[in-house]
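In the numbering used here, the protein residues as written are 41 to 298. All C-beta atoms in this analysis are idealised placements derived from N, C-alpha and C, irrespective of residue type, glycine included. Here the structure is a predicted model, which is why all the values come from computation and not from measurement. Down below is the structure, laid out as structure tokens.
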Ligand code: 13P
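Encoded structure:
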């Protein structure tokens, strides 16, 4: 089993003072109870990044830091956007690409997702490609074709040297923030399918995460029966205890499965 990856997407929550506080809390708990096998990443809003990376560095917190989005462009007249080189200067090592909220609310189509992914990889950062179907697609039974198309659009032609930097997060839109977690069978079926499609695009060892109402109670079954390599956590990542409990579950599952 590959090393589990647990990512906390704070979305548009926590101002920089609150972000510092949460990062310090995470640091204290992790010092007392380190997660031996798990790679933990937090993904704060842009304006919190500098504060969070400063706490991570000064307190030596065993966390990496990611951004929720980045521009596909490196520089220029793109009001409101943030570039990958700017993130890199802040010691940000991860970028979420094509989160469903960006796709649905900020017109991020497959082409922009693919360009952004290329930009992130060209600069050597880790890219978390988010895919997943809306409820209507699931109800019409077309989720497999839908996700396949998203994967092809984003991943076709990724250079060999960049492939280890790609992680895929399956986040069914209907499960996000809804309390409606996908069943372990649904997660297993889609995870296996994603691995097959990724392998057909030469990404044989890609990590596949699940996101959508993950919490400390459902994490173990999603991981063991759902067959994922970790989680992209929204709401439950806003509290140190619930986020690190999910991390602990992933850690224990790794011990069990090894
Ligand atoms: P929730 O865990 O709040 O459902 O959010 C999932 C998500 O969108 C993470 O990116």
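Where the alpha helix (DSSP H) containing residue i begins and where it ends
i	result
residue 203	Run containing residue 203: none; DSSP gives neither H nor E here.
residue 261	259-264
residue 195	183-195
residue 239	224-240
residue 145	140-145
residue 256	Neither: residue 256 is in no alpha helix (DSSP H) and is coded neither H nor E.
residue 292	280-297
residue 176	175-179
residue 126	124-129
Residue i - partner residues in DSSP beta bridges
i	result
residue 170	209
residue 134	106 and 166
residue 46	80 and 271
Rounded separation between residue i and residue j - CA only
i	j	result
residue 60	residue 88	8 Å
residue 180	residue 188	16 Å
residue 260	residue 266	9 Å
residue 108	residue 269	20 Å
residue 75	residue 68	13 Å
residue 92	residue 49	13 Å
residue 62	residue 152	32 Å
residue 77	residue 235	22 Å
residue 66	residue 284	8 Å
residue 162	residue 202	8 Å
residue 43	residue 215	25 Å
residue 211	residue 116	32 Å
Span of the beta strand (DSSP E), counted from its first residue to its last, around residue i
i	result
residue 303	Residue 303 lies beyond the residue range present for the chain, which begins at 41 and ends at 298; the question has no answer from this structure.
residue 12	The question about residue 12 has no answer here: the residues shown for the chain are numbered 41 through 298.
Legend entry - Stretch-stretch touch, CB-based, cutoff 8 Å, three pairs: the region 176-187 with the region 93-103: no
Legend entry - Cβ pair count under 8 Å reaching 3, the region 271-282 against the region 234-246: no
Inset, instruction - Decide yes or no for the touch test of the region 186-203 against the region 220-228: beta carbon pairs closer than 8 Å, at least 3 of them. - result: no
Legend entry - Unbroken stretches of the beta strand (DSSP E), 3 residues or longer, contained in the region 48-122: 79-83 and 104-107
Inset, instruction - Examine the Cβ distances between the region 112-123 and the region 131-150 and report whether three or more of them are shorter than 8 Å. - result: no
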